[in-house]
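These notes concern the structure reproduced below.
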Amino acid sequence: MSTDSRELSGAQIVCESLLREGVDVVFGLPGGAILPLYGVLGQYPLRHILVRHEQGAAHAADGYSRATGKVGVAFATSGPGATNLITGLATAMMDSSAVVAITGQVGRAAIGRDAFQETDITGATLPVTKHNYLVMHAGDLERTIKEAFHIARTGRPGPVLIDIPKDVFQEMATYTGNAEMDLPGYNPPGEADTGDIDAAVELIDQSERPVILAGHGVLISHASEELREFAERAEIPVITSLLGISGIATDHPLHVGMPGMHGVAYASIALDEADLIIAAGARFDDRITGDTKRFALQSKKIHMDVDPAEIDKNVKADVALIGDLKMVLGQLVPALKKNRHTEWLRRIEHLKAEHPSLSIRETDELLGQHVVKAIADATGGGTHIVTGVGQHQMWAAQFSTFDKPNRFHTSGGLGTMGFEVPAAMGVQVGVPDEVVWSIAGDGGFQMTMAELATLKENNIPVKYAILNNNQLGMITQWQDFVYNKDFYANAYTGNPDFVKLAEAFGIKGLRATSQDELESVIKEAMAHDGPVVIDFQISQEANVYPMIPAGESISELIEEPV
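Residues in the sequence shown are numbered consecutively from 21, following our numbering.
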């Protein structure tokens, strides 16, 4: 890699530009339109991981980004290769994950002629990317890639797609190594307005029952330490959104837990009783608020967010602090009075005792909660947990423990089944020396399990815990609670033998059918230096509690029957 001007092909310019952006690994699958790029990859120190499906490439790049804070990169060819990325890009968009996808396109002369494997992928991905490009000249590639990475990683992160026609990869152009960006109007905020800081401090100092609602922004902006200092200085309890989990240590005395549809009851009640809600990098998602007309009516709201579009979108803010959360908290902490909220904290402890949402009912059966708790106990809170979507996701959110930030990775906004298998792969590639467990459902696991071949091929040592109840557990629960027990298309009668399946991929497969087997099976998986699939055959007769039905409020809270 050099900074002197050279004549290079478009494909070489792409590789040089990726190296300048600090890229070391790419997840991809070649095809005709992107083959010129693959033709030069071997000339560069870029690790390429060959996935089995482009959705896997997008989710792996997303997981890599979440774990490392760097930009994840995915390659795909034109047409179906590019469209297969869309679910992964939409997942990254909803969860503010920094991903750059580079797709091949048919040659320039063929665009618009319904050529073989042609799709208008910039048009198709417009709603699910932060920005996208169709690059028609090799001379524009260097600047475009620099802009794409800048857009993906700054402000509110998100996915950016770059579509490159096949002949642009082959066209020669000058590579300078110092292209200038051209992004008029794109100026992500830094610090918040000082007048707004003063107004927020006044509200915080006057409050008697404040809570912090910590969202994904805490982790994206690497502001966990600032959040802890903020909470401790004013003695404010911290409630975390699903994506905010691990923003503060689970065992911290001010940690309360996750509220909302399947959050712990005492966190939801605390939000309802608060006189001030300080949303830190959280967007007041409907899974937390339910009916916004009945959400937290006793409280004023301070909303801190880097994205101005989130302010007043779902819940009206009394004070808005627009800026990078790490900087905003840095402004707030020294301005706050040291405070104590002894009575309020005592009230929350009373709520915990009155609504013991994390108790596990007595049973001889193996429950999903038993599995998650056993993994948490075995790993001591330091592992990365990656989940799909459904009952297993909620149990993982409730019972996992974390002593370090940025250890819980899940599809929050889009709710993408199948996220768990390739995303865990990307997380492990990003943090090769750390332990990664994926808590999976038998339904979601089967959506993307082809990536087991990729894991084996690259010896990526993720441990997959399949909570196998032979059904779509959350679908069954909703049909039970909300749809008058009208059970339909909720059960699987053709699930594979997951142990034999793992062995077919050359991966170690284990099974547990009782609580007595948990400790030994988890210990055996941890001792293995490669990927492991564990079939935890859990009870079909289990629901996630508490539950607030969609669109309802705290008054419709359903707790587990005693």
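A virtual CB, placed ideally from N, CA and C, is assigned to each residue, including glycine.
**Study point:** Residues of its chain near G310, where Cβ-Cβ distance is below 7 Å and the 5 sequence neighbours each way are ignored
**Key:** The residues are I568, G571, E572 and S573.
Exercise for review: Could you tell me whether the segment 249–259 touches the segment 184–197, using the rule of 3 or more Cβ pairs below 8 Å?
Suggested key: Touching, no.
**Study point:** Selection from G83, A81 and L38 that minimises the alpha carbon distance to L66
**Key:** The shortest Cα separation from L66 among G83, A81 and L38 belongs to L38.
**Study point:** Under 8 Å between C-beta atoms of T403 and V335
**Key:** It is not a contact, given that the beta carbons lie outside the stated cut-off.
Review point. Under 8 Å, do V5 and Q418 count as touching if we go by C-beta distance?
Key: Nothing in the structure corresponds to residue 5, since the chain is present only between 21 and 582.
Point to revise | Check whether A94 and V119 have beta carbons under 8 Å apart | key: In this structure, V119 lies closer than 8 Å to A94 by Cβ.
Check your understanding: Around the Cβ of N488, are there at least 16 other Cβ atoms within 10 angstroms (buried) or fewer (exposed)?
Key -> Looking at its Cβ environment, which holds 16 or more other Cβ atoms inside 10 Å, N488 is buried.
**Study point:** Cβ distance (whole Å) where T123 is taken to contact I141 below 8 Å
**Key:** Cβ-Cβ separation between T123 and I141: approximately 6 Å, consistent with a contact (criterion under 8 Å).
Review point. Do you know how far the Cα of S431 is from the Cα of A112?
Key: Spanning the two alpha carbons is a distance of roughly 8 Å.
Exercise for review: Write down the C-beta distance between T468 and V441 rounded to the nearest angstrom, noting that I regard them as a contact closer than 8 Å.
Suggested key: That belief holds up - the Cβ atoms of T468 and V441 are roughly 4 Å apart, short of 8 Å.
Practice item. Tell me where the beta strand (DSSP E) around S29 begins and ends. Key: R26 to S29 is the span of the beta strand (DSSP E), which, as asked, contains S29.
Point to revise | Own chain, CB closer than 6 Å to K627, minus 5 neighbours either side, in chain order | key: As displayed, the chain neither begins before 21 nor continues past 582, which places residue 627 out of reach and without an answer.
Check your understanding: Under the three-state reduction of DSSP, which class applies to H404: helix, strand or coil?
Key -> Reduced to three states, the DSSP call for H404 is strand.
Review point. Do you know how far the Cα of A254 is from the Cα of Q497?
Key: Whole-angstrom Cα-Cα distance: 40 Å.
Review point. Can you list, in chain order, the residues of its chain whose CB lies under 8 Å from that of P566, leaving out five sequence neighbours each side?
Key: Around P566: H282, G283, V284, A285, S288, H375, S377, L577, I578, E579 and E580.
Practice item. Would you decide whether S534 is buried or exposed? Buried here means 16 or more other CB atoms lie within 10 Å of its CB. Key: Exposed: under 16 other Cβ atoms inside 10 Å.
**Study point:** From G99, F169 and L161, residue whose alpha carbon lies closest to that of T145
**Key:** In terms of CA proximity to T145, G99 leads the group G99, F169 and L161.
**Study point:** Option in G175, P147, Q137 and A199 with minimal Cα separation from L161
**Key:** Nearest in C-alpha terms to L161, of all of G175, P147, Q137 and A199, is A199.
Practice item. Identify whether K520 lies in helix, strand or coil by the three-state DSSP scheme. Key: In the structure shown, the three-state DSSP call for K520 is helix.
Review point. Tell me the DSSP bridge mates of T260?
Key: In the DSSP output, where bridge partners are listed per residue, T260 has A234.
Review point. Quick one: what's got a C-beta closer than 7 Å to M21's C-beta in the same chain, skipping five residues either side?
Key: Its pLDDT being 44, under 50, M21 is placed unreliably in this model, and the value from its coordinates should be taken loosely. E36, L39 and R40.
Review point. When the Cα of G280 is compared with those of A80, L274, L233 and R248, which residue comes out closest?
Key: Comparing Cα-Cα distances from G280 to each of A80, L274, L233 and R248, the minimum goes to L233.
Practice item. Can you give me the Cβ contacts of R72 inside the same chain, cut-off strictly under 7 Å, excluding the 5 residues immediately before and after it? Key: Sequence-distant partners of R72 (beyond 5 residues in either direction) whose C-beta falls short of 7 Å from its own C-beta, in its chain, are A470, E471, A473 and T474.
Exercise for review: Could you check which residue in A53, A300, D187 and A509 has the C-alpha nearest to that of R128?
Suggested key: Nearest to R128 by C-alpha distance, out of A53, A300, D187 and A509, is D187.
**Study point:** Endpoints, alpha helix (DSSP H) assigned at I368
**Key:** Counting along the chain, I368 sits inside the alpha helix (DSSP H) bounded by residues T362 to E374.
Practice item. Can you check DSSP and say which residues form a bridge with Y153? Key: DSSP output for Y153 lists I182 as bridge partner(s).
Review point. What's the C-alpha gap between Q359 and A220?
Key: Checking the sequence, you will find Asn at residue 359 rather than Gln. Cα to Cα, the separation comes out at about 15 Å.
Review point. Just to confirm, are I54 and A158 a CB contact at a threshold of 8 Å?
Key: It is not a contact, given that the beta carbons lie outside the stated cut-off.
Point to revise | Endpoints, the beta strand (DSSP E) within which V46 is located | key: V46 -> beta strand (DSSP E) spans V45 to G48.
Check your understanding: Do S458 and V409 come within 8 Å of each other at the CB atom, strictly closer than that value?
Key -> Taking 8 Å as the Cβ cut-off, V409 and S458 do not qualify as a contacting pair.
Review point. Taking DSSP as the reference, what is the three-state secondary structure of F507?
Key: Coil, per DSSP.
Practice item. Taking 8 Å as the cut-off, decide whether the C-beta atoms of G210 and D344 are in contact. Key: A distance below 8 Å separates the beta carbons of G210 and D344.
Practice item. Count the other C-beta atoms from every protein chain shown that fall within 10 angstroms of the C-beta of A562, then say buried if there are 16 or more, exposed otherwise. Key: A562 comes out buried.
Review point. Taking DSSP as the reference, what is the three-state secondary structure of S98?
Key: Residue state, collapsed to three classes: coil.
**Study point:** Supposed close pair Y84, V482 - CB separation, criterion 8 Å
**Key:** About 13 Å; that fails the 8 Å criterion.
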